[in-house]
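J.:
Residue numbers (the working numbering): 6 to 120.
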C-alpha cells in the first residue's frame, strides 16, 4: 500500500511559478513510475509529466519547457516545478504512483492561475 500526499498548490498570477510536492509512503518508492496529472472542470484527467525510476522524464506538449518533474528517492518524494503559468494550467493536480498494474493516487491539490 502506498499513500501519496500532495502539497504546494494555490493561487498565482499568470507568468508566476509554483512548486508541487508529493510525499509517498512505502519502502519501494524508487521502483515506481511517478506522474503528475491534472483535471480541469469538465475535462478528462491528463498526464502532465512523468518520471521513471531511472530518472527519464516525459511531458505533455502543453507544458514542455515550462514544467519540470523531479524525484528524490531518498525522501520518497516527487516534485513538479511549474513556471510561466497560464490560466489554462488551472486544474486540480494529482500525484500518481504506478508499478505494473498497481496504481495509487493522492487526494489532489488545486492550482489556480488568475489575475
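Heads up, the beta-carbon is just placed ideally off N, CA and C, and yes, glycines get one too.
Would you mind stating whether residue 103 and residue 14 have Cβ atoms separated by less than 8 Å?
T.: No, these two residues do not count as a Cβ contact at 8 Å.
J.: Is DSSP giving residue 120 helix, strand or coil here?
T.: Residue state, collapsed to three classes: coil.
J.: Quick one: residues in its chain with C-beta nearer than 7 Å to the C-beta of residue 21, no 5 flanking neighbours on either side, listed in chain order?
T.: 90, listed in sequence order.
J.: Three-state secondary structure (DSSP) at residue 58?
T.: Reduced to three states, the DSSP call for residue 58 is coil.
J.: Contact between the stretch 22-37 and the stretch 68-82: three or more CB pairs below 8 Å?
T.: Yes: the two stretches touch, three or more of their Cβ pairs being nearer than 8 Å.
J.: Can you tell me whether residue 78 is helix, strand or coil according to DSSP?
T.: Residue 78 falls in the helix class under three-state DSSP.
J.: DSSP state of residue 105, grouped into three classes?
T.: Coil at residue 105, not helix or strand.
J.: Per DSSP, residue 86 forms a beta bridge with which residues?
T.: Note: residue 86 sits in a beta bridge opposite 24 and 73.
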